[in-house]
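Each remark here refers to the structure printed beneath this line.
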Amino acid sequence: MIELKNIRKIYEANKFDRVTALDNINLTVQEGELIVLKGASGSGKSTILSLIAALSKPTSGEVIVDAKQISKLSDNFSSVYRRDNIGFIFQKYNLIPTLSVKDNILLPLVSLNPHAKEVEEKIQSVMKRFHIEHKENAIVRNLSGGEQQRVAIARAYVNNPKIIIADEPTANLDEKLSHHFIDILRELKALNKTIIIATHDPLFFGLDFVDRELEIHKGKIVL
Amino acid sequence: MKNKINIYLVEYAINAILRQKYKSLFIVTIFTLLTFLLTSVFFITNSIRYELDSTVDALPQIIVQKIKAGRHYDIDVNLVDDILGISGVNDAVARVWGYYYFENARVNFSIVGIDKYEQQYKNSFTNLVKDFDFDDINGTATMLVGSGVKRTMQSNYYKEFFNFIKPDGTLKKVRIAGIFDGDTELESNDMIIMSKDLFREIFNFEESKATDIVVKVANPEEIATVVSKIKLMFPDTRIITNHDLKVSYQNIFDYKSGVFLVLFIVALFTFFIIIYDKSSGLTSEEKREIGILKAVGWTVDDVLKEKLYESFIISFFSYIFGVGLALAYVYIFQAPLISNIFSGYSQLKTSFELPFVFDFQTLFLIFFLSVPIYIAAILIPSWKVATLEADEVIR
Chain Z
23 MIELKNIRKI YEANKFDRVT ALDNINLTVQ EGELIVLKGA SGSGKSTILS LIAALSKPTS
83 GEVIVDAKQI SKLSDNFSSV YRRDNIGFIF QKYNLIPTLS VKDNILLPLV SLNPHAKEVE
143 EKIQSVMKRF HIEHKENAIV RNLSGGEQQR VAIARAYVNN PKIIIADEPT ANLDEKLSHH
203 FIDILRELKA LNKTIIIATH DPLFFGLDFV DRELEIHKGK IVL
Chain D
337 MKNKINIYLV EYAINAILRQ KYKSLFIVTI FTLLTFLLTS VFFITNSIRY ELDSTVDALP
397 QIIVQKIKAG RHYDIDVNLV DDILGISGVN DAVARVWGYY YFENARVNFS IVGIDKYEQQ
457 YKNSFTNLVK DFDFDDINGT ATMLVGSGVK RTMQSNYYKE FFNFIKPDGT LKKVRIAGIF
517 DGDTELESND MIIMSKDLFR EIFNFEESKA TDIVVKVANP EEIATVVSKI KLMFPDTRII
577 TNHDLKVSYQ NIFDYKSGVF LVLFIVALFT FFIIIYDKSS GLTSEEKREI GILKAVGWTV
637 DDVLKEKLYE SFIISFFSYI FGVGLALAYV YIFQAPLISN IFSGYSQLKT SFELPFVFDF
697 QTLFLIFFLS VPIYIAAILI PSWKVATLEA DEVIR
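Line order of the protein sequences matches chains Z and D.
For the first sequence, this note's numbering gives the first residue as 23, with consecutive numbering after it.
For the second sequence, this note's numbering gives the first residue as 337, with consecutive numbering after it.
Printed below as a string of structure tokens:
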């Protein structure tokens, strides 16, 4: 279970340049739940995802995941938490463009230093699941947007995380590929993953397998 | 298990080097050049210092020279008997030596005359007179030459004989009987050994005169006393001890080393500014890459280990390559250009071979001056980025 309690997040470039991204956010996400965070650009959706993934820390308030207060974790433990619990699909995929598909998918496994056989099995399995196995050795920058997204999903899934987070996952995709992503989501939901998606793409609204849709406006949950 | 080397991090590091091949190549080139230059200079100075030390050790304890109007003149050989009378003196030998300018090659040869019936003042001469007879063979005079002299003569078509031009303009044909191996290459390289009689004939040197007198003292602690006694007996002489020569050689060598050291500090500083600029100033892509690695679960330790492997591979490879090139440059190609500056040898002297002196201390010094500094220049900025919030770096 994920709990956000009285979360405030202020981005402060300097004394005179402060932006309140989140203002007193309270949110609970149950295990296996799929929620969609809706809202315009700059509303604070991505900041919520970033806090849940421990990519940043709240200015005040608590982020609790499975009874652990992750907002208080040290930098190293935050990384370990991400590695073991979070699969993050970024808006611009955040792949390393000069690496191959396989090497990008391998990245979350590197710090575990597993056996080569285990690594190979995991990578082959996720590449098959997300239909990217034929591009195993292709350099990522040479792939299409849809292929890059599948690599990003495979990388997010390779550690079999409990929580999958997707930030504007269809922002760079055409409608056909967006529908394909929704199919993948349905599949992940069936695997009982906790999924949180931030989007303003109407394709995600009213989907039968989405448990909740929340509207974020100016750093607050309004619906 | 925890301490096991993470092979995936090593693979990632190698991959990172290959992905940035132009940047890596640039750094390897600069680094190799720096290591090569530094190592070459250290190798050359070590070799020359070794030669100088050996040369100085082989010098006579005391040299007595006749001085007239502040200049070095030929000395009377009769003084030898008087010097031998001084208590503490073990031996005294009148030496004849000089320089012969060989115009074709524009070099000076050092010529030494020896007498096989005299006590020799050098070990190498003692061995020489045992094995070699300087007497004329079939009416032709003979001599032994240093390896540098041999090369110079051969390149000027004097393969078996050499014609000395005497002061009266006539020629003296002398047979080259062999190569002289002295105590050190530096000493023997430009040397020609012949009998005293032949020397006197070539230079028209009087029988009663010598170039100088070398004195051997049984107890080295008594050198100063013997020097003062000789000075009292012969006020018109200049007395040089091996200690004076050692200090003089050392001063010249240290001065040249000092000039080079200053130049190299400047060069080193410039190289590191280039390397620091090219390697440590992380580009936005490199910062983003660190942010992505953190976002997918790499710890700061993982990032730093990867950067450590990457920088170590580059710097260690460059170091080994630079040292290898320096070994070849100094000991195979005999360090063209640089060695002349250090040895102070102008074209008036024949070139000599640098002896192989392998000094681990030097290699360690260069290693610690280069590899860890480079690694630090990579790790520090990477650490700065890796300790930022991943979100901040990716954004």
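Ideal Cβ positions, reconstructed from N, Cα and C, are used throughout, including at glycine.
Values in this document were obtained by computation on a predicted structure and should not be read as measured data.
Excluding the 5 residues flanking residue i on each side, which residues of the same chain have their C-beta closer than 7 Å to its C-beta?
| i | result |
| --- | --- |
| D:Thr371 | Ser654, Tyr655, Gly658, Val659, Ile702, Ser706 |
| D:Lys685 | Bear in mind that the predicted position of D:Lys685 carries a pLDDT of just 47, short of 50, making it unreliable; the figure below should be weighed with that in mind. Answer for D:Lys685: Val443, Asn444, Asp526, listed in chain order. |
| D:Ala752 | Only positions 337 to 731 of chain D appear in this structure, which leaves residue 752 of chain D out of reach. |
| D:Phe541 | Val432, Phe535 |
| D:Val364 | Ile650, Phe653, Ser654 |
| D:Thr577 | Gln397, Ile398, Ile559, Val563 |
| Z:Ser68 | Asp189, Ala220 |
| D:Thr561 | Gly424 |
For residue i, which residues in chain Z fall below 9 Å Cβ to Cβ?
| i | result |
| --- | --- |
| D:Val638 | What sits at residue 638 of chain D in the sequence shown is Asp, not Val. Ordered by position in chain Z, the residues that pass the 9 Å Cβ test against D:Asp638 are Ser101, Val132, Ser133. |
| D:Lys340 | Asn135 |
Tell me whether the beta-carbon of residue i lies closer than 8 Å to the beta-carbon of residue j.
| i | j | result |
| --- | --- | --- |
| D:Tyr348 | D:Glu642 | yes |
| Z:Asn159 | Z:Lys124 | yes |
| D:Leu690 | D:Ser460 | no |
| Z:Phe248 | Z:Leu56 | Limits of chain Z in this structure are 23 at one end and 245 at the other, which puts residue 248 of chain Z out of reach. |
| D:Val413 | D:Ser531 | no |
| D:Leu345 | Z:Val41 | no |
| D:Val553 | D:Ile398 | yes |
| D:Ile758 | D:Ile447 | As shown, chain D starts at 337 and ends at 731. That puts residue 758 of chain D outside it, with no answer to give. |
| D:Val550 | D:Val429 | yes |
| D:Asp517 | D:Ser524 | yes |
| D:Val639 | Z:Asp97 | no |
| D:Leu618 | D:Val721 | yes |
Could you tell me which chain Z residues have their CB closer than 8 Å to the CB of residue i, listed as they occur along the chain?
| i | result |
| --- | --- |
| D:Arg355 | Thr120, Leu121 |
| D:Glu728 | Ser78 |
| D:Glu625 | Ile118 |
Looking at C-alpha atoms only, which residue of the options is the closest neighbour of residue i?
| i | options | result |
| --- | --- | --- |
| Z:Glu25 | Z:Leu56, Z:Ile92, Z:Ala43 | Z:Ile92 |
| D:Arg442 | D:Pro691, D:Asn492, D:Asn342 | D:Asn492 |
| D:Tyr436 | D:Ile575, D:Phe535, D:Asp389 | D:Phe535 |
| D:Ile674 | D:Val377, D:Thr365, D:Phe367 | D:Val377 |
| D:Asn444 | D:Val481, D:Thr462, D:Tyr409, D:Gln456 | D:Val481 |
| D:Leu369 | D:Thr723, D:Phe692, D:Phe600 | D:Phe600 |
| Z:Leu129 | Z:Ala43, Z:Arg177, Z:His156, Z:Ala188 | Z:Arg177 |
| Z:Lys211 | Z:Ile47, Z:Glu53, Z:Ile32 | Z:Glu53 |
| D:Phe497 | D:Lys509, D:Thr488, D:Lys486 | D:Lys509 |
| Z:Gly109 | Z:Glu155, Z:Ala76, Z:Leu121 | Z:Ala76 |
| D:Gln401 | D:Ala546, D:Gln697, D:Leu597 | D:Ala546 |
| D:Tyr453 | D:Lys340, D:Asp469, D:Gln586 | D:Asp469 |
| D:His408 | D:Arg574, D:Tyr710, D:Gln586 | D:Arg574 |
Given residue i, which residues of its chain have a CB within under 6 Å of its CB, disregarding the five upstream and five downstream residues?
| i | result |
| --- | --- |
| D:Gln683 | No answer about D:Gln683 holds up, because its pLDDT of 42 lies below 50 and its placement is not dependable. |
| Z:Gly107 | Here residue 107 of chain Z is Asn; the residue named in the question, Gly, does not match the sequence. For Z:Asn107, where only same-chain residues beyond five positions count, the Cβ hits under 6 Å are Pro183, Lys184, Ile185. |
| D:Tyr681 | Residue placement at D:Tyr681 cannot be trusted, given a pLDDT of 43 that sits under 50; the coordinates are not used to answer. |
| Z:Asn194 | Gly167 |
| Z:Thr221 | Glu190 |
| D:Met337 | Because D:Met337 sits at a pLDDT of 45, beneath the cut-off of 50, its placement in the model cannot be relied upon, and the point is left open. |
| Z:Gly87 | In the sequence on display, residue 87 of chain Z carries Val and not Gly. Around Z:Val87: Ile24. |
| Z:Leu73 | Pro80, Val85 |
| D:Glu718 | Glu is not the amino acid found at residue 718 of chain D; the sequence shown has Ser there. Once the five neighbours on either side are set aside, the close Cβ partners of D:Ser718 are Lys643. |
What residues from chain Z crowd round residue i, counting only those whose CB sits closer than 7 Å?
| i | result |
| --- | --- |
| D:Ile662 | Residue identity check: residue 662 of chain D is Ala in the sequence provided, not Ile. By Cβ distance, chain Z contributes nothing, its closest Cβ being about 34 Å from D:Ala662, past 7 Å. |
| D:Thr635 | Asn98, Ser101, Val102, Ser133 |
| D:Phe348 | Note that residue 348 of chain D is Tyr in the sequence shown here, rather than Phe. Residues of chain Z passing the Cβ test: Val132. |
| D:Ile628 | Asn116, Ile118 |
Who are the neighbours of residue i on chain D, taking C-beta pairs under 8 Å?
| i | result |
| --- | --- |
| Z:Lys79 | Glu725 |
| Z:Leu128 | Tyr344 |
| Z:Ser72 | Asp727 |
| Z:Asn182 | By Cβ distance, chain D contributes nothing, its closest Cβ being about 13 Å from Z:Asn182, past 8 Å. |
Excluding the 5 residues preceding and the 5 following residue i in the sequence, name in chain order all residues of the same chain whose CB lies nearer than 8 Å to its CB.
| i | result |
| --- | --- |
| D:Lys404 | Asp572 |
| Z:Leu236 | Leu49, Ile57, Val58, Leu59, Lys60, Ile243, Leu245 |
| Z:Ser82 | Asn28, Ile29, Arg30 |
| D:Lys486 | Ile512, Ile515 |
| Z:Ile32 | Arg40, Val41, Thr42, Ala43, Thr81 |
| D:Gln455 | Asp427, Val429 |
| Z:Val162 | Leu117, Ile118, Pro119, Thr120, Leu121, Ser122, Val123, Asn126, Gln170, Val173 |
| Z:His239 | Gly61, Ala62, Ser65 |
Starting from residue i, find everything on chain D with Cβ-Cβ shorter than 9 Å and list it in chain order.
| i | result |
| --- | --- |
| Z:Phe110 | Ala631, Val632 |
| Z:Arg105 | Val632, Gly633, Trp634, Thr635 |
| Z:Arg177 | Val632 |
| Z:Asp125 | Glu347, Tyr348, Asn351 |
Closer than 7 Å by beta-carbon distance: list the chain D residues that pair up with residue i, in chain order.
| i | result |
| --- | --- |
| Z:Arg172 | Result: empty, since nearest Cβ-Cβ is about 16 Å, beyond 7 Å. |
Taking one C-beta from the stretch 108-118 of chain Z and one from the stretch 148-157 of chain Z each time, how about it: are there three or more such pairs within less than 8 Å?
no
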